[in-house]
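Here the sequence shown stands for residues 87 to 349, numbered as in the working numbering. Heads up, the beta-carbon is just placed ideally off N, CA and C, and yes, glycines get one too.
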Amino acid sequence: MPHDAMNDDPITAGVRRDDPQPLYRQIKQRIREQIDRGELGTDAKLASERELEKQYGVSRITVRQAVRELVAEGWLHSHPGRGFFVARREEAYELHLLRSFTAIAEAHGRVPASRLIDGRVCPAPAEIARPLFLPVGADVVMLKRLRCLDGQPMVLTQDWFAAGLVPGILDLDWSTGNRSLYAEIRDRYRLRPDSGRTTLSARLANEEEARLLELAPPAAVLTVEQIAYDPQGRPVNMTFSSHHPLRYPLSLDQRGQKDAAGG
Numbered sequence: 087m088p089h090d091a092m093n094d095d096p097i098t099a100g101v102r103r104d105d106p107q108p109l110y111r112q113i114k115q116r117i118r119e120q121i122d123r124g125e126l127g128t129d130a131k132l133a134s135e136r137e138l139e140k141q142y143g144v145s146r147i148t149v150r151q152a153v154r155e156l157v158a159e160g161w162l163h164s165h166p167g168r169g170f171f172v173a174r175r176e177e178a179y180e181l182h183l184l185r186s187f188t189a190i191a192e193a194h195g196r197v198p199a200s201r202l203i204d205g206r207v208c209p210a211p212a213e214i215a216r217p218l219f220l221p222v223g224a225d226v227v228m229l230k231r232l233r234c235l236d237g238q239p240m241v242l243t244q245d246w247f248a249a250g251l252v253p254g255i256l257d258l259d260w261s262t263g264n265r266s267l268y269a270e271i272r273d274r275y276r277l278r279p280d281s282g283r284t285t286l287s288a289r290l291a292n293e294e295e296a297r298l299l300e301l302a303p304p305a306a307v308l309t310v311e312q313i314a315y316d317p318q319g320r321p322v323n324m325t326f327s328s329h330h331p332l333r334y335p336l337s338l339d340q341r342g343q344k345d346a347a348g349g
């Protein structure tokens with residue numbers, strides 16, 4: 087019989103067997119709280135599986151599930167043969183539709199850069215056409231870039247525009263430096279994002295994201311989907327981005343500032 091079922095005490099080391107939340111999630115939350123309070127600091131070694139089993143009165147499989155998810159979400163990292171350690175977490179970066187990656191980076195004293203991954207004109211799939219108010223199959227420009235800070239990959243972004251809004255944009259040199267996409271569409275095409283919608287989520291990184299963001303699978307990425315509108319409510323562009331969860335954690339900026347839009 088699993089150790090979890092052998093202990094009839096409803097409360098053991100802060101986990102409750104009468105709680106509808108699974109035991110591994112309760113353990114995961116307790117460890118998160120220890121990290122948040124500083125009881126487990128950066129690079130601190132987590133107790134061994136055996137010690138956690140004894141502390142929480144649960145089975146090893148329960149402990150492993152909790153630890154596995156904490157690793158996938160970037161809270162812990164593994165040193166084979168040594169155990170699990172608290173991962174280093176960067177200062178959070180503001181998420182603001184109307185503020186650029188470059189402006190945010192410079193405000194944090196970091197040096198931004200970009201690397202072109204892909205750029206082309208292609209027929210719009212339905213999930214891109216609808217939010218851009220285009221018929222399915224209409225020509226759209228897709229620009230995929232890897233955004234870096236101080237030489238480290240941070241964010242993989244994929245921007246979509248109606249091709250008629252940005253003629254010749256792919257002829258610009260996107261392969262070097264830190265050319266700002268939104269500076270170009272503002273100054274070259276007179277497009278001015280004024281409002282928008284942002285959707286946040288998280289999932290496991292795919293093969294490309296893991297490779298470009300230097301993540302050891304299985305690893306999680308923070309995902310952001312944004313669509314920007316001009317002052318008349320017309321779509322300007324749609325952006326999908328995958329963020330390194332440790333190097334580029336996000337905070338949601340809800341102030342009313344409207345400085346230069348970015349990309």
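Pick out whichever of E213, Y275 and A133 has its Cα sitting closest to the Cα of F326. Closest by alpha carbon: E213.
Supposed close pair N264, S200 - CB separation, criterion 8 Å: Separation of the CB atoms of N264 and S200 is rounded to 5 Å, and the pair is thereby assigned contact status at 8 Å.
Please specify which runs of the beta strand (DSSP E), each continuous and at least 3 residues long, are wholly inside the region 202-268, giving them in chain order. List check, beta strand (DSSP E) in window: 225-235 and 238-248.
One or two residues paired with S327 in a DSSP bridge: The bridge partners DSSP lists for S327 are T243 and V310.
By the three-class DSSP mapping on this structure, what secondary structure does R154 have? Helix.
Rounded to whole angstroms, what is the Cα-Cα separation between D280 and C234? Between the alpha carbons of D280 and C234 lies a distance of about 26 Å.
Between which two residues does the beta strand (DSSP E) harbouring A296 extend? Annotation for A296: no beta strand (DSSP E) segment contains it, though the alpha helix (DSSP H) segment containing it runs E293 to L298.
Closer than 8 Å, CB to CB, is G124 near chain D or not? No chain D appears in this structure, which consists of one protein chain only.
What number of angstroms, rounded off, separates the C-alpha of T309 from the C-alpha of E294? Looking at the two C-alpha atoms, the distance is approximately 14 Å.
Residues sharing a beta bridge with S281, DSSP: According to DSSP, which records beta bridges pairwise, S281 is partnered with Y315.
Might you give, ordered along the chain, the residues of its own chain that have their beta carbon closer than 7 Å to the beta carbon of D316, omitting 5 neighbours on each side? L277, R278, P279, D280 and V322.
Option in L109, G223 and G124 with minimal Cα separation from Q141: In this structure, L109 is the residue among L109, G223 and G124 with its C-alpha nearest to the C-alpha of Q141.
Tell me which residues share the same chain as H330 and place their Cβ nearer than 6 Å to its Cβ, disregarding the 5 neighbours each side in the sequence. Here H330 has M240 and L299 as same chain residues with Cβ atoms under 6 Å from its own Cβ, once five neighbours each way along the sequence are excluded.
L232 versus A291 - alpha carbon distance: So the two alpha carbons sit approximately 15 Å from each other.
Where does the unbroken beta strand (DSSP E) through T162 begin, and where does it stop? In the sequence under discussion, the amino acid at residue 162 is Leu, which differs from the Thr named in the question. Element bounds for L162: L162 to H165.
Report all residues from its chain with a CB closer than 8 Å to the CB of A249; omit the five preceding and five following residues, and keep chain order. These residues qualify, in order along the chain: V207, A224, D225, V226 and V227.
Would you mind giving the Cβ-Cβ distance between V153 and E139, rounded to the nearest angstrom? I have them listed as a contact below 8 Å. Going by Cβ atoms, the distance from V153 to E139 rounds to 11 Å, so no, they are not a contact pair.
Neighbourhood of A296 by C-beta distance below 8 Å, restricted to the same chain and skipping five residues each side: Exclusion of the five residues before and after A296 leaves A302, P303 and A305 as the residues of its chain whose Cβ lies within less than 8 Å of its Cβ.
Going by DSSP in three states, R289 sits in which element: helix, strand or coil? In this structure, R289 counts as strand in the three-state DSSP scheme.
Find the nearest neighbour of V144 within the set G282, K114, Y268 and I271, judged by alpha-carbon distance. Closest by alpha carbon: K114.
Q318 to L218, Cα distance in whole Å? Separation of Q318 and L218 (C-alpha to C-alpha, rounded to the nearest whole angstrom) is 14 Å.
On the three-state DSSP scale, how would you describe R136? Helix at R136.
To the nearest angstrom, how far is it from the Cα of W246 to the Cα of L286? Near 18 Å, if we compare the C-alpha coordinates of L286 and W246.
Nearest residue (CA-CA) to Y128, options S164, R102 and F171: Residue identity check: residue 128 is Thr in the sequence provided, not Tyr. Answer by Cα proximity: F171.
Leaving out five residues before and five after L202 in sequence, what residues of the same chain have Cβ atoms less than 7 Å from its Cβ? These residues qualify, in order along the chain: R231, W260 and S261.
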